[in-house]
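For what it's worth, my numbering labels the leading residue of the sequence shown as -12, then goes sequentially.
Inspection log for the structure reproduced underneath, given as structure tokens.
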Amino acid sequence: MAGDGPADERPGAALATVTAEYATLIIGLLMAKRVLTLRGVSLAMLKNARRGDLRRLLALNRDIMLRSLLLQLCFGALTVFGARLGSDIVAVNAVLMTMLTFTAYALDGFAYAVEAHSGRLRRARR
């Protein structure tokens, strides 16, 4: 049946996809519940979490979040503009993007280390 036509012409493909997505959602929620239970975090604790802490966390990570957002926009633009120039350009861009992604992950490692140290220093000042 594979290759017979578009997915619209194969009844059951959409149902299988939706079933798989919901099964993944349910399994993910059950796994998250198990981890939270093992760590002693209850739903009441999550509801009572202070919103100010989240605001401070976002303020501390603002620069990293902005850098990550701009990096994703650059990746998307590279793909779109390369696709307009032909398949050879898309292939070369795929190789370049792989190297760029590797470099970005290496820089993210340093960024996360700085983030952890700055959080620890900020906590120590209190």
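Note that CB positions come from ideal geometry on N, CA and C, so glycine has one too.
This one's a predicted model, so the numbers in the text were calculated from it and none came from an experiment.
Look at residue 46 here: in three-state DSSP terms it is helix. Around the CB of residue 69, 16 or more other CB atoms lie within 10 Å, so the residue is classed as buried. Following the DSSP letters along the chain, one finds residue 21 inside the alpha helix (DSSP H) bounded by residues 0 to 25. For residue 58, the closest C-alpha among the options 91, 107 and 5 is that of 91. Between residue 65 and residue 84, the beta carbon gap of about 6 Å places them in contact (Cβ cut-off 8 Å).
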